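> Got a structure for you, questions after.
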């Protein structure tokens with residue numbers, strides 16, 4: 001038995017499980033992507049705690065880290081860069097370098113609300 005199925009602007013005849021239609025639909029319908037960044041590494045650097053957590057973006061990883069003073073959760077600074085890297089290991093290493101650079105250049109000014 002066939003029934004007419006309409007999904008948004010795509011329509012098809014469905015016989016209970018049309019694999020071709022599902023495959024075509026997957027090409028045109030955006031799939032939800034996780035943007036949750038899990039902490040991959042933590043390190044203490046010059047009195048600051050750096051939590052390295054690259055963000056997954058379309059099969060790549062964006063540089064992302066949380067920086068705080070050692071022994072204090074607040075205040076903290078969320079470092080996010082536009083850089084996209086092809087794999088997690090490379091993203092972790094580049095995030096580590098960028099976070100250290102921010103600490104070296106800005107120190108406590110990372111937490112300043114005055115711009």
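Residue numbers (UniProt numbering): 1 to 115. Using N, Cα and C, we set each Cβ at its ideal position, and we do this for glycine too. Because the structure is a prediction, the values reported are computed rather than measured.
Can you tell which of 103, 111, 112 has its C-alpha closest to the C-alpha of residue 47?
103
> Distance check for residue 68 and residue 43, CA to CA, integer angstroms please.
11 Å
> Mind pulling the beta strand (DSSP E) runs of 3 or more residues that sit fully within the region 62–88?
76–85
> Considering only DSSP beta bridges, list what residue 56 is partnered with.
61
> Candidates 76, 49, 89, 50: which alpha carbon is nearest residue 61's?
Per the Cα distances, 89.
> Counting C-beta neighbours from all protein chains within 10 Å, is the total for residue 97 16 or more, i.e. buried, or is it exposed?
Residue 97 is classed as exposed because its beta carbon has fewer than 16 other beta carbons within 10 Å across all chains shown.
> Would you kindly work out how many angstroms separate the C-alpha atoms of residue 94 and residue 18, rounded to a whole number?
Taking the straight line joining both Cα atoms gives about 44 Å.
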